[in-house]
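Just so we're aligned: 386 in numbering that gives the first Met the number 0 is position 387 of the sequence shown, and the numbers increase by one with no gaps anywhere.
Positions of the beta carbon are idealized from the N, C-alpha and C atoms, including for glycine.
Remember, it's a predicted structure, so these values are computed and weren't measured experimentally.
Following: one structure in structure tokens, then a few remarks.
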Amino acid sequence: MGQARIVVVGTGYVGLTTGACLAGLGHRVTCVDVDEAKVARLAAGQVDILEPGLEELVSRGLSAGRLSFVVGARRAAAVADAVFLCVPTPMGVGGAADLRAVEAVVAEIGDVLPSRCALITKSTVPVGTAGRIRDLLGRDDVPVVANPEFLREGTAVADFMSPDRIVVGSDDRSAAEWVAGLYRDLAAPNVITDAASAEMVKYAANCFLAMKLSYVNAIAELCERLGADILAVTEGMGYDRRIGRSFLKPGPGWGGSCLPKDTHALVQVADAAGFDFTLLSAAIVENIAQRDRIVAKIAGAVGGLAGARIGVLGLAFKAGTSDVRDSPALSVASMLAAHGAEVIAYDPAVGGGFPGMNVVDDPYQVAKGADGIVVLTEWDEFRKLDWTYLAELMHGEAVIDTRNLLDPQAVLDAGLSWLGLGRPRRTRASQGDLTTAGRP
Ligand code: UDX
Numbered sequence: 000m001g002q003a004r005i006v007v008v009g010t011g012y013v014g015l016t017t018g019a020c021l022a023g024l025g026h027r028v029t030c031v032d033v034d035e036a037k038v039a040r041l042a043a044g045q046v047d048i049l050e051p052g053l054e055e056l057v058s059r060g061l062s063a064g065r066l067s068f069v070v071g072a073r074r075a076a077a078v079a080d081a082v083f084l085c086v087p088t089p090m091g092v093g094g095a096a097d098l099r100a101v102e103a104v105v106a107e108i109g110d111v112l113p114s115r116c117a118l119i120t121k122s123t124v125p126v127g128t129a130g131r132i133r134d135l136l137g138r139d140d141v142p143v144v145a146n147p148e149f150l151r152e153g154t155a156v157a158d159f160m161s162p163d164r165i166v167v168g169s170d171d172r173s174a175a176e177w178v179a180g181l182y183r184d185l186a187a188p189n190v191i192t193d194a195a196s197a198e199m200v201k202y203a204a205n206c207f208l209a210m211k212l213s214y215v216n217a218i219a220e221l222c223e224r225l226g227a228d229i230l231a232v233t234e235g236m237g238y239d240r241r242i243g244r245s246f247l248k249p250g251p252g253w254g255g256s257c258l259p260k261d262t263h264a265l266v267q268v269a270d271a272a273g274f275d276f277t278l279l280s281a282a283i284v285e286n287i288a289q290r291d292r293i294v295a296k297i298a299g300a301v302g303g304l305a306g307a308r309i310g311v312l313g314l315a316f317k318a319g320t321s322d323v324r325d326s327p328a329l330s331v332a333s334m335l336a337a338h339g340a341e342v343i344a345y346d347p348a349v350g351g352g353f354p355g356m357n358v359v360d361d362p363y364q365v366a367k368g369a370d371g372i373v374v375l376t377e378w379d380e381f382r383k384l385d386w387t388y389l390a391e392l393m394h395g396e397a398v399i400d401t402r403n404l405l406d407p408q409a410v411l412d413a414g415l416s417w418l419g420l421g422r423p424r425r426t427r428a429s430q431g432d433l434t435t436a437g438r439p
């Protein structure tokens, strides 16, 4: 196979990363979106999302003539070797994925696709979607292929270029092999399978990660109650190669655009198949409980939320992104406000506009008159803050570090107290004598 002519429908973070990276691999890529203004910006090399390396890749693709952006998919689809569907599949009624955007694209381009053009789902779609698309399409000469992405926000380009694996599934084996060949320059194991299995891999992997995090958050809670330290516990667990070291950091809960959506969708799909997936439902319940526990912990540390002034550091769902979709940080901050606290928040990548809180553009401003400071997103820059200066600005002395991000000693040396997650509380009185955190 030489360079393939590829159409990518949808220029969200999955589509744009996929398109720019495929162009980077030497293919000729046309990215399509319905948003004319966005297409114009992208055609001028302007990338709206915060994704390291993406803007550079887009510029290189544009100037090499391998990447273009257009409105409307029909023309490009009529001469394509492959069409990647990267349109949103949001959570619909009852937690099931809403496939209307996918169906609309299939209706738009179905009749113009050349014979043997691969129609590929890239966004996460429910198990069985390839079959549904085949029925909608009503064509035997166009293979439908599932090729899920495993891109993390903030490292999407690196994840695309150095994947752990490439998963391609189709009931047309030769089409699946051909699609896998598009990635031949990437050194990664290929899993070539049927369409339903490829679709299932994505859910099974993301839901496993969510369960792992709920589990670790629950273990952190137990550590706190029983006087153990989650840092040592996860280090001891992580050396077990069957468990691994990653995704073992406790925090305010898992969020973002994928894990919440995918966990709900799989529970729903299981339910529809007559299987009560209590293991996964429990992970979702645990994730909500985690936010409640964190709010209670903050309340305890500042002596009640009503009328308290709380400085919040971090609103994004994780560091390295401006994304607040299903962000546990934003949801904890909103809960504090709902409980009557005055919330002043700062995030290096997130602006304001959230009800009940004042978002400022300087981290030190959150400390002014604050009864407590709460770290909710693990931005590296929070580690480097001048805690002596923050302490001078504060009214109270509580620092609640829900990501175990800070150096507790630096906080203590500033005359403040430090309360992490699943770790002994550190106060000036407890210096050198680590006492277990009291329950709020
Ligand atoms: C995730 C999957 O990792 C990716 O494979 C998939 O394609 C899309 O969904 P992303 O949503 O970018 O990627 O976030 P990820 O980095 O996986 O983090 C998910 C959530 O878990 C975040 O809220 C993060 O803060 C939390 N997390 C992660 C922890 O609390 N502790 C950890 O140790 C790791």
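Per DSSP, residue i forms a beta bridge with which residues?
| i | result |
| --- | --- |
| E341 | R308 |
| T29 | V6 and S67 |
| L440 | Outside the shown range of the chain, which is 0 to 439, sits residue 440, and nothing can be said about it. |
| W417 | V398 and R425 |
| L84 | V8 and T120 |
| A145 | T120 and G168 |
| N189 | I165 |
| I372 | G310 and V398 |
| V358 | A344 |
| A96 | M90 |
Leaving out five residues on either side along the sequence, give the residues of the same chain with a beta carbon under 8 Å from the beta carbon of residue i.
| i | result |
| --- | --- |
| L53 | L15, T16, A19, V46, A155 and V156 |
| V453 | With the chain running from 0 to 439 in the structure shown, residue 453 is simply not present. |
| G93 | Q267 |
| S114 | D140 and V141 |
| C257 | T123 and N205 |
Assuming residue i contacts residue j under a Cβ cut-off of 8 Å, what Cβ separation, rounded to an integer in Å, is found between them?
| i | j | result |
| --- | --- | --- |
| I242 | L420 | Incorrect: roughly 19 Å between the Cβ atoms, too far for contact. |
| K321 | V349 | The sequence given here places Ser at residue 321; Lys does not occur at that position. With a Cβ gap of about 5 Å, S321 and V349 count as contacting. |
| L112 | V82 | 7 Å |
| I512 | G371 | Residue 512 cannot be examined here, being either before or after the span of the chain that is shown, 0 to 439. |
| V167 | A197 | 6 Å |
| A328 | A315 | 6 Å |
| Y345 | L312 | 6 Å |
| L56 | V105 | Rounded, the Cβ-Cβ distance is 28 Å, inconsistent with contact. |
| A79 | R4 | 5 Å |
| Q2 | G23 | Contact flag wrong, Cβ pair sits at about 12 Å. |
| E148 | A217 | Rounded, the Cβ-Cβ distance is 29 Å, inconsistent with contact. |
| V410 | W386 | 5 Å |
| R290 | G252 | 5 Å |
Please work out which residues of its chain come closer than 7 Å, Cβ to Cβ, to residue i, disregarding the five sequence neighbours upstream and downstream, and give them in chain order.
| i | result |
| --- | --- |
| C85 | V7, V8, G9, G11, V13, G14, T17, K121 and S122 |
| A282 | A209, M210, S213 and T262 |
| D432 | Note that D432 has pLDDT 42, beneath the 50 cutoff, so the model's placement of it is unreliable and no number is given. |
| A75 | V6, T29, V31 and V69 |
| T434 | With a pLDDT of only 43 at T434, under the threshold of 50, the placement of this residue in the model should not be trusted; the figure read from the coordinates follows. Cβ neighbours of T434 beyond the five flanking positions: P423 and R424. |
| L384 | P362 |
| E152 | Y12, G255, T320 and D322 |
| C222 | D228, I229, V232 and G421 |
| L279 | C206, M210, T262, L265 and V266 |
| D158 | F149, L150 and R151 |
For the candidate residues the options, whose alpha-carbon lies nearest to that of residue i?
| i | options | result |
| --- | --- | --- |
| D412 | T401, P259 and E396 | E396 |
| G127 | A269, D291 and W177 | A269 |
| A337 | A344, D406 and P354 | P354 |
| T29 | E50, D193 and R65 | R65 |
| G91 | G109, P125, L118 and I343 | P125 |
| D171 | T192, S161 and G235 | T192 |
| G130 | A36, Q2, V141 and A195 | A195 |
| R59 | E35, R27, V78 and A77 | R27 |
| G255 | G237, I218 and K317 | K317 |
| G319 | L49, I108 and A95 | L49 |
| A77 | M236, V141 and N286 | V141 |
| A96 | A271, R183 and G137 | A271 |
| A145 | R240, G137 and A117 | A117 |
| L265 | F381, E107 and M199 | M199 |
| P188 | N357, P89 and R164 | R164 |
| E107 | P162, A63, S173 and V33 | V33 |
| A369 | L335, M160, G310 and R382 | G310 |
Tell me which same chain residues have a C-beta within less than 6 Å of the C-beta of residue i, skipping the five on either side of it?
| i | result |
| --- | --- |
| L392 | A366 and K367 |
| R402 | G250, V374 and E377 |
| P259 | D325 |
| A42 | F68 |
| P87 | A100 |
| P407 | W417 and R425 |
| I132 | V105 and V143 |
| S169 | P142, V144, A175 and A194 |
Please confirm whether residue i has its beta-carbon closer than 8 Å to some beta-carbon of chain D.
| i | result |
| --- | --- |
| D261 | The chain inventory of the structure shown lacks chain D, comprising one protein chain alone. |
The stretch 267–278 contacting the stretch 302–311, beta-carbon criterion three pairs below 8 Å: no
- prompt: Are the stretch 54–74 and the stretch 93–102 touching by the rule of at least three beta carbon pairs closer than 8 Å?
  reply: no
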